[in-house]
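Trainee: By the numbering used here, the letter at position 84 of the sequence shown is numbered 483, and the numbering carries on one by one without gaps. All C-beta atoms in this analysis are idealised placements derived from N, C-alpha and C, irrespective of residue type, glycine included. Nothing here was measured: the structure is a model prediction, and the numbers come from that model.
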Amino acid sequence: MSELSENRSSAEVLRRQEALYRLIISQLYYDGHHPMAITLQSSCNVVEPCPPSDRLSQLVQIGVAHEPDRMKRMENQPSIGLNPIQEILIGPGLDLEFESDIDPSAPEPAQYETAYVTSHKSPCRAGAFSIDGQLCATGSVDASIKILDVDRMLAKSSMESAEPQNDQQGHPVIRTLYDHIEEVTCLEFHPSSPILASGSNDKTVKMFE
Numbered sequence: 400m401s402e403l404s405e406n407r408s409s410a411e412v413l414r415r416q417e418a419l420y421r422l423i424i425s426q427l428y429y430d431g432h433h434p435m436a437i438t439l440q441s442s443c444n445v446v447e448p449c450p451p452s453d454r455l456s457q458l459v460q461i462g463v464a465h466e467p468d469r470m471k472r473m474e475n476q477p478s479i480g481l482n483p484i485q486e487i488l489i490g491p492g493l494d495l496e497f498e499s500d501i502d503p504s505a506p507e508p509a510q511y512e513t514a515y516v517t518s519h520k521s522p523c524r525a526g527a528f529s530i531d532g533q534l535c536a537t538g539s540v541d542a543s544i545k546i547l548d549v550d551r552m553l554a555k556s557s558m559e560s561a562e563p564q565n566d567q568q569g570h571p572v573i574r575t576l577y578d579h580i581e582e583v584t585c586l587e588f589h590p591s592s593p594i595l596a597s598g599s600n601d602k603t604v605k606m607f608e
């Protein structure tokens, strides 16, 4: 009977551990850290799908909000022979599968729609929007940089069902830069001037106007 109880306890620990891993992976996907999420999912052998979600962030916020109450309850509870560290670690518990009623501040990822797709010859690892939201720049492992007009992207998306037009007329990609010779790792628009800065593994920083 004792062995059966221990097996059930071990199974419960593993179940909660996997639930925690799934929450972490979903949070990483939600925050845009896809490579990190994929690596963790593989390392932890998590086979169940982990859709993007900010539930872990919500649970942490709930836990932080109730931390003072938890400490008061711990002070009023009779001692059961645990040292202070064990009491802190055990605490009142937090249900990782609890569905909170707090509405997230951002829309769910499933509510976003693809407005426009452009491609590089290799993975795209850098991106930036201008302060006014009119331009978007993408940088790739293939060393190229593309600058896109946001209004044209949205217009292109809304005209998908219309008759085909000349590809060059109103094309969202307004400029492609090939000044770097290795992977583009970062992009940033100047806050007040029409200047784009880029950094690369070729150990150069370039400014484009």
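How is Ser452 classed by DSSP in three states: helix, strand or coil?
Mentor: Within the sequence shown, numbered from 1, the residue matching residue 452 stands at position 53. Correct three-state label for Ser452: coil.
Trainee: Taking 6 Å as the limit between beta carbons, can you name the residues of its chain near Ser560, skipping five residues before and five after?
Mentor: Residue numbering aside, residue 560 sits at position 161 when the sequence shown is read from its first letter. Residue confidence for Ser560 is low, a pLDDT of 48 falling below 50, so the modelled location carries little weight; the figure read from the coordinates is stated next. Excluding its 5 nearest sequence neighbours in each direction, Ser560 has no C-beta neighbour in its own chain below 6 Å.
Trainee: With a 10 Å radius around its C-beta and 16 neighbouring C-beta atoms as the bar for buried, classify Pro571 as buried or exposed.
Mentor: Within the sequence shown, numbered from 1, the residue matching residue 571 stands at position 172. Looking at its Cβ environment, which holds 16 or more other Cβ atoms inside 10 Å, Pro571 is buried.
Trainee: Compute the Euclidean distance between the alpha carbons of Arg551 and Pro467, then round it to the nearest angstrom.
Mentor: Stepping through the sequence shown from its first residue, residue 551 is reached at position 152. Stepping through the sequence shown from its first residue, residue 467 is reached at position 68. The straight-line gap from Cα to Cα measures roughly 51 Å.
Trainee: Near Asp548, which residues of its chain fall below 6 Å by C-beta distance, leaving aside the five closest residues on each side in sequence?
Mentor: Along the sequence shown, read from residue 1 onward, the residue named residue 548 stands at position 149. Result list for Asp548: Pro571 and Ile573, in chain order.
Trainee: Quick one: grab the DSSP three-state call for Lys605.
Mentor: Here residue 605 corresponds to residue number 206 of the sequence shown, with the count starting at 1. Reduced to three states, the DSSP call for Lys605 is strand.
Trainee: Taking the beta strand (DSSP E) that Ile544 belongs to, which residues open and close that run?
Mentor: Taking the first residue of the sequence shown as position 1, residue 544 is located at position 145. From DSSP, the beta strand (DSSP E) with Ile544 extends over Ile544 to Asp548.
Trainee: Between the Cα of Glu447 and those of Leu586, Glu417 and Ala536, spot the shortest distance and give me the residue it belongs to.
Mentor: Along the sequence shown, one-based indexing puts residue 447 at 48. Looking at the Cα atoms, Glu417 is the closest of the given residues.
Trainee: Please name the residue in Cys523, Ala596, Ser409 and Ile423 whose C-alpha comes closest to that of Glu582.
Mentor: To locate residue 582, count along the sequence shown from 1; it is residue 183. If we check each option's Cα against that of Glu582, Cys523 comes out closest.
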